[in-house]
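Presented below is the structure to which this report refers.
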DNA sequence: CATTTTGTTCAACAATATTGAACTAAGACG
DNA sequence: CGTCTTAGTTCAATATTGTTGAACAAAATG
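Chains as they are written, first to last, in the working numbering: chain A, 1 to 256; chain B, 257 to 512.
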């Protein structure tokens, strides 16, 4: 541990406990005590504190993550002024194409999945709102990545490892820089099975005053995302939708 | 303050700070210091801790609630085994009726709004997933309330005040007990502008092994929810949907 | 460039988190 | 039934850690 990390250790431990409950499901006092290597009495105090604040809920003898988190998470979501517009447009995209439409936001150098809807023939993913991944391995992530400032791009490349998800994932920094350049020229990003095998997608950034606020994407099975459809039809649909959102945003912004 | 409240004070304060950020939007160190009456250096340590755990995000000089909450909130949601079934059925209800369809869950004696979809002519509400309200003032709340154990009902009535939301809200315990009895006999609950003026709704509980797990509801403007439609048509639709969910649940449960 | 404001660092001190031991409650078992 | 076992709870001493102002750095303001 570093000398001065300037953090509250008890709070760190509280979050560690919450994480443990998320990963391992509901637990009793004794289980937590053993698994986290803390005395029972300490666990009790922690759970009392979490329960008092509704972040953890007692169900008989077991404690679980509470719905209180949802309230704060939803606040963070709706706090982004783009969100309402993006949400309805994503739903429209899923409806008209039948594929999986989604929206990602950048936070702390990661892509966060904030909304998605499945069209009637969409592929199924196990993505849940709030899930995070590297910016380098999805179309949505790359669409955002490409439009960050040059310094921020280099900062993120140097700080985060370009983790390999599939054989197609771009893990070489130089290759990534070239890819981002192409995305800026093209106006949209592709993923050719770079995060999930068998899944391809197309994403476009949403820019407001030159700043990227999020990206929207369409994803589908590799066999449907080929040829003309993949290289021009789907990109046009996605970019069109992104454009409409941008227009609504600038309109509503000036209309204040 | 009580003698021994057996809670971690620093953690309580962390949550207080998060709550402040939710209520008042992004804040700087100095603002928080003034508004929460804490020294700047203390605020700093708190924000460092929250930021390190991604629950708060620094945006220039201001700190905001982070999307990390979303991940835990979503976990809590999907942790309920009913949720996937309920979600699709609620969407179906909104589609076929054009009204506002929603699902509520009980937690800590409160109704928590966990999912909702607006049909094409639905009334607009400012409800956000994760919002909480008393069990006594909505159709969804009462539908759940009525099917809790008798002891739990009395416990909740005695511990929580039956807060008045509109002139129609039931605030008298005896009146509420009678209402709950009728709901049990009828199989569904009504709200006649008891939480929001001009809004009526119909809700049905979803029971699994005799335990109520959540409720689903349809809400609409008072002028559309009248006569035959309000007393039999909508209730039949809602109860039908609830039944289908119950069947799917018992089926998938035994199928394990 | 001077001035004010805001953010950050640090080490001493006070506060509080931590702990085991003692206690109670609930189940298991014969 | 009563004993044994296991799980949950309480509490007061101690050591750890949270808290703080003061001093510094950085940025914004005039």
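Cβ atoms here follow ideal geometry from the backbone N, Cα and C, with glycine treated the same way.
Considering residue 146/A, what are the terminal residues of the alpha helix (DSSP H) in which it resides? Translated into positions along the first chain, residue 146/A becomes position 146. In the DSSP annotation of this structure, residue 146/A is not part of any alpha helix (DSSP H), being labelled neither H nor E.
Chain B beta carbons: is any one of them nearer than 9 Å to that of residue 49/A? The residue labelled residue 49/A in the question sits at position 49 within the first chain. So, interface residue.
Residues bridged to residue 462/B (per DSSP): Your numbering for residue 462/B matches position 206 in the second chain. BP columns for residue 462/B point to 470/B.
Residue 514/B to residue 265/B, Cα distance in whole Å? An answer regarding residue 514/B cannot be provided, because it is not within the stretch 257 to 512 covered by chain B.
Proximal chain A residues relative to residue 351/B, where beta-carbon distance stays under 7 Å: Position 95 of the second chain, counted from the first residue, corresponds to residue 351/B. Within 7 Å Cβ-Cβ: nothing; residue 351/B doesn't reach chain A, min ~11 Å.
Let me make sure I understand the geometry here. Which of 208/A, 237/A, 211/A, 212/A has the alpha-carbon closest to that of residue 218/A? Position 218 of the first chain holds residue 218/A. Restricting attention to 208/A, 237/A, 211/A, 212/A, the CA atom closest to the CA of residue 218/A is found in 237/A.
Residues in its own chain within less than 6 Å of residue 451/B by CB, not counting five upstream and five downstream? In the second chain, counting from the first residue as 1, residue 451/B sits at position 195. Answer for residue 451/B: 393, 394, 421, listed in chain order.
If the cut is a Cβ gap below 9 Å, which residues of chain B does residue 107/A touch? As a position in the first chain, residue 107/A is number 107, starting the count at 1. Within 9 Å Cβ-Cβ: 310, 313, 322, 323, 324.
For chain A, find out if any of its Cβ atoms is closer than 9 Å to the Cβ of residue 479/B; answer yes or no. Working through the second chain from its first residue, we reach residue 479/B at position 223. Chain A, which has no Cβ nearer than 9 Å to the Cβ of residue 479/B, makes this no.
Rounded to a whole number of angstroms, what is the C-alpha to C-alpha distance between residue 397/B and residue 176/A? Mapped onto the second chain, residue 397/B falls at position 141. Mapped onto the first chain, residue 176/A falls at position 176. Near 52 Å, if we compare the C-alpha coordinates of residue 176/A and residue 397/B.
Measure the C-alpha to C-alpha separation of residue 342/B and residue 150/A and round it to an integer number of angstroms. For this step, residue 342/B is matched to residue 86 along the second chain. For this step, residue 150/A is matched to residue 150 along the first chain. For the pair residue 342/B and residue 150/A, the Cα-to-Cα distance works out to about 45 Å.
Where the alpha helix (DSSP H) through residue 286/A begins and ends: Outside the modelled stretch of chain A, which goes from 1 to 256, sits residue 286/A, for which no answer is possible.
Since residue 134/A is in the alpha helix (DSSP H), which residue starts that stretch and which ends it? Looking up residue 134/A in the first chain gives position 134. Premise fails: residue 134/A lies in the beta strand (DSSP E), 132 to 134, not in any alpha helix (DSSP H).
Can you check whether the C-beta of residue 28/A is within less than 9 Å of a C-beta belonging to chain B? Locating residue 28/A in the first chain gives position 28, where the first residue counts as 1. Chain B, which has no Cβ nearer than 9 Å to the Cβ of residue 28/A, makes this no.
Express the C-alpha separation of residue 388/B and residue 329/B in angstroms, rounding to a whole number. Counted from its first residue, the second chain places residue 329/B at position 73. Counted from its first residue, the second chain places residue 388/B at position 132. A straight-line Cα-Cα distance of about 14 Å links residue 329/B and residue 388/B.
So, using beta-carbon positions, are residue 90/A and residue 270/B closer together than 9 Å? Residue numbering aside, residue 90/A sits at position 90 when the first chain is read from its first letter. Residue numbering aside, residue 270/B sits at position 14 when the second chain is read from its first letter. Taking a C-beta distance under 9 Å as the contact criterion, residue 90/A and residue 270/B do not qualify as a contact pair.
Which residues of chain A have a Cβ atom closer than 7 Å to the Cβ of residue 266/B, listed in chain order? Start at 1 with the first residue of the second chain, and residue 266/B comes out as number 10. Think of a sphere of 7 Å around the beta carbon of residue 266/B: the chain A residues whose beta carbon falls inside it are 8, 10, 11, in chain order.
Could you list which residues in chain A have their beta carbon closer than 8 Å to that of residue 333/B, in chain order? Sequence index remark: in the second chain, residue 333/B carries index 77 (1-based). Neighbours of residue 333/B on chain A, chain order: 67, 70.
What's the C-alpha gap between residue 434/B and residue 424/B? For the purposes of this step, residue 434/B is identified with residue 178 of the second chain, where counting begins at 1. For the purposes of this step, residue 424/B is identified with residue 168 of the second chain, where counting begins at 1. Looking at the two C-alpha atoms, the distance is approximately 15 Å.
Would you list the one or two residues that DSSP bridges to residue 59/A? Taking the first chain and counting its residues from 1, one reaches residue 59/A at position 59. 62/A.
Residue 209/A versus chain B: which residues are under 9 Å apart at the beta carbon? For the purposes of this step, residue 209/A is taken as the residue at position 209 of the first chain. Listed along chain B, no residue sits closer than 9 Å to residue 209/A by beta-carbon distance, the nearest being about 15 Å off.
Once the 5 residues before and after residue 124/A are set aside, which same chain residues still bring their CB inside 8 Å of it? Locating residue 124/A in the first chain gives position 124, counting from the first residue. Same-chain partners within the cutoff: 118.
With distances taken from CA atoms, which of 6/A, 201/A, 78/A is nearest residue 223/A? As a position in the first chain, residue 223/A is number 223, starting the count at 1. Comparing Cα-Cα distances from residue 223/A to each of 6/A, 201/A, 78/A, the minimum goes to 201/A.
What residues in its chain sit with their C-beta under 7 Å from that of residue 300/B, if we drop five residues either side in the sequence? Here residue 300/B refers to the residue found at position 44 of the second chain. Contacts found: 285.
Going along the chain, which unbroken runs of the beta strand (DSSP E) with 3 or more residues stay wholly within the segment 333 to 373 of chain B? 356 to 363
When the cut-off is 9 Å and only beta carbons count, does residue 1/A lie next to chain B? What you label residue 1/A is simply residue 1 of the first chain in a count that begins at 1. Residue confidence for residue 1/A is low, a pLDDT of 37 falling below 50, so the modelled location carries little weight; the figure read from the coordinates is stated next. It does not; no Cβ of chain B falls within 9 Å.
Three-way DSSP call (helix, strand, coil) for residue 491/B in this model: Your numbering for residue 491/B matches position 235 in the second chain. It is helical.
Mind listing which residues of the segment 104 to 129 of chain A have their C-beta closer than 8 Å to chain B's C-betas, in chain order? 105, 107, 108, 112, 114, 128, 129
Short of 8 Å in beta carbon distance, which residues of its chain neighbour residue 52/A, apart from the five on each side in sequence? Order them along the chain. By 1-based counting over the first chain, the position of residue 52/A is 52. Result list for residue 52/A: empty, nothing under 8 Å.
In three-state terms, what does DSSP make of residue 456/B? Walking along the second chain from the start, residue 456/B turns up at place 200. Of the three classes helix, strand and coil, the one that applies to residue 456/B here is strand, per DSSP.
Among the residues of its own chain, which have a CB less than 7 Å from the CB of residue 24/A, if the five just before and after it don't count? Within the first chain, residue 24/A is the residue found at index 24, counting from 1. Closer than 7 Å at Cβ, skipping near neighbours: no residue.
State the Cα-Cα distance for the pair residue 1/A and residue 113/A, rounded to the nearest angstrom. Numbered from its first residue, the first chain carries residue 1/A at position 1. Numbered from its first residue, the first chain carries residue 113/A at position 113. Annotation note: pLDDT 37 at residue 1/A (below 50); position unreliable, coordinate value reported separately. Cα to Cα, residue 1/A sits roughly 32 Å from residue 113/A.
Quick check: what's the CA-CA separation for residue 325/B versus residue 32/A? Here the question's residue 325/B lines up with position 69 in the second chain. Here the question's residue 32/A lines up with position 32 in the first chain. Their Cα atoms are separated by approximately 22 Å.
Within 9 Å, strictly: CB atoms of residue 130/A and residue 110/A: As a working note, residue 130/A is residue 130 in the first chain. As a working note, residue 110/A is residue 110 in the first chain. No. Outside cutoff.
Contact set between residue 15/A and chain B, taken where Cβ atoms lie within less than 8 Å: As a working note, residue 15/A is residue 15 in the first chain. Ordered by position in chain B, the residues that pass the 8 Å Cβ test against residue 15/A are 309, 311.
Take the Cβ of residue 256/A as the centre, count every other Cβ of all protein chains shown within 10 Å, and call the residue buried at 16 or more, exposed below. As a first step, residue 256/A is located in the first chain; it is residue number 256 there, counting from the start. Note that residue 256/A has pLDDT 48, beneath the 50 cutoff, so the model's placement of it is unreliable and the number below is only indicative. Residue 256/A comes out exposed.
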